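J.:
In the working numbering, the protein residues as written are 61 to 344.
(1) Does DSSP classify residue 245 as helix, strand or coil?
(2) Starting from residue 131, trace the alpha helix (DSSP H) in both directions and tell me its first and last residue.
(3) Tell me which residues share the same chain as residue 305 and place their Cβ nearer than 7 Å to its Cβ, disregarding the 5 neighbours each side in the sequence.
(4) Compute the distance between the beta-carbons of residue 93 and residue 135, then report whether it is under 7 Å.
(5) For the pair the stretch 176–195 and the stretch 112–125, tell me if three or more CB-CB distances fall below 8 Å.
(6) Got a sec, what are the start and stop residues for the alpha helix (DSSP H) residue 213 sits in?
(7) Give the single residue among 329, 174, 140 and 322 whose Cα lies nearest to the Cα of residue 312.
(8) Taking just the CA atoms, how far does residue 188 sit from residue 270?
(9) Helix, strand or coil for residue 225? Go by DSSP, reduced to three states.
(10) How close, in whole Å, do the beta carbons of residue 288 and residue 231 come, if the pair is a contact with beta carbons under 8 Å?
(11) Assuming residue 263 contacts residue 169 under a Cβ cut-off of 8 Å, what Cβ separation, rounded to an integer in Å, is found between them?
(12) Which word fits residue 222, buried or exposed, when buried means at least 16 other C-beta atoms lie within 10 angstroms of its C-beta?
(13) Classify residue 179 as helix, strand or coil using the three-state DSSP reduction.
(14) In or out: residue 204 buried (at least 16 other Cβ within 10 Å) or exposed?
(15) Counting Cβ pairs closer than 8 Å, one from the stretch 183–203 and one from the stretch 142–157, do we hit at least three?
(16) Please return the same chain residues whose Cβ sits closer than 6 Å to the Cβ of residue 314, not counting the five positions on each side in sequence.
(17) Can residue 202 and residue 226 be called in contact, C-beta distance under 7 Å?
(18) Would you call the CB atoms of residue 276 and residue 251 closer than 7 Å?
(19) When the Cα atoms are used, what is the spatial distance from residue 197 to residue 77?
(20) Classify residue 174 as buried or exposed, calling it buried when 16 or more other Cβ atoms lie within 10 Å of its own Cβ.
(21) So the candidates are 234, 111, 218 and 281; which of them puts its Cα closest to the Cα of residue 310?
(22) Name the two residues that bound the continuous alpha helix (DSSP H) containing residue 93.
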């Protein structure tokens, strides 16, 4: 099987699951992972045969894709804010919307402050690693309840040469704030998908990404936001800022909750698709 034949076969196999462009992009990622060759090099070597181990890897990848497994779990990597990060089933795959949250923080503070920042529910570590790249003098902290997620985040921080203090901690625990210093910024992309919304999700997400990082009870969808807001009231310095990624259907509710908790200047921001996706608030 040649490189070109393998690529074409993979596109044809997964096109029923994806549109043409996405199927081609996924096939390019898989073929680069298998061959170690970029797109231009694969064009030059299109008539080269895959080795027996590469063919076996190719068949495994195709089977996984047809089972709706995300391509990032096949390659073990995902791009975020210009960085290649390690990912697996223990962490959420970083999304473009979260890049927009990082960008909002950076635009708010162009002077690269030497502040203390905490990311709650860090997963792969994508948020604090991206911010540390831009703010090398900042003191970055990151919290997650999952030891497996923290292991991935620690590896990513090492690969990106970004020192970060990772804390194994459940933010819902009553003593979650004890190990934390005073902070200038708290950021979080917490679980926010209501259980009733699970049926409408893509199978690639619902079946293969960690439920603990996705879902909240229907009867308390702001569970994590409320708890983080109260932690922020305790640990943020005067004028410190709280940034959230949110469920697009709950923007008004998050803003109202923050105002009830005593925050000021709660602002709702839309993402590139025009959906309510981020909230920023300031501690009085």
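Using N, Cα and C, we set each Cβ at its ideal position, and we do this for glycine too.
Given the structure is predicted, the values throughout are model-derived calculations rather than measurements.
T.: To lay it out plainly:
(1) The DSSP-derived three-state label of residue 245 is strand.
(2) 131–135 is the extent of the alpha helix (DSSP H) around residue 131.
(3) Result list for residue 305: 157, 158, 161, 249, 337 and 338, in chain order.
(4) In this structure, residue 93 places its C-beta atom within 7 Å of the C-beta atom of residue 135.
(5) The stretch 176–195 is not in contact with the stretch 112–125.
(6) Counting along the chain, the alpha helix (DSSP H) containing residue 213 begins and ends at 207–219.
(7) Sorting 329, 174, 140 and 322 by C-alpha distance to the C-alpha of residue 312 places 329 at the top.
(8) Straight-line Cα distance between these residues: approximately 20 Å.
(9) Reduced to three states, the DSSP call for residue 225 is strand.
(10) Yes, they are in contact, since the Cβ atoms of residue 288 and residue 231 sit about 6 Å apart, within 8 Å.
(11) About 39 Å separates the beta carbon of residue 263 from that of residue 169, a gap too long to meet the 8 Å contact definition.
(12) Burial state of residue 222 is buried, judged by a 10 Å Cβ sphere holding 16 or more other Cβ atoms.
(13) DSSP, read as helix, strand or coil, puts residue 179 in strand.
(14) When all chains shown are included, residue 204 counts as buried.
(15) The answer is yes - the stretch 142–157 touches the stretch 183–203, with three or more Cβ pairs under 8 Å.
(16) Excluding five sequence positions before and after residue 314, the CB atoms of its chain that fall closer than 6 Å to its own CB belong to 285, 306 and 339, given in chain order.
(17) Yes.
(18) For residue 276 and residue 251, yes; Cβs fall inside 7 Å.
(19) The alpha-carbon atoms of residue 197 and residue 77 are separated by roughly 45 Å.
(20) Residue 174 comes out exposed.
(21) Sorting 234, 111, 218 and 281 by C-alpha distance to the C-alpha of residue 310 places 281 at the top.
(22) Residue range 80–95 is occupied by the alpha helix (DSSP H) that includes residue 93.
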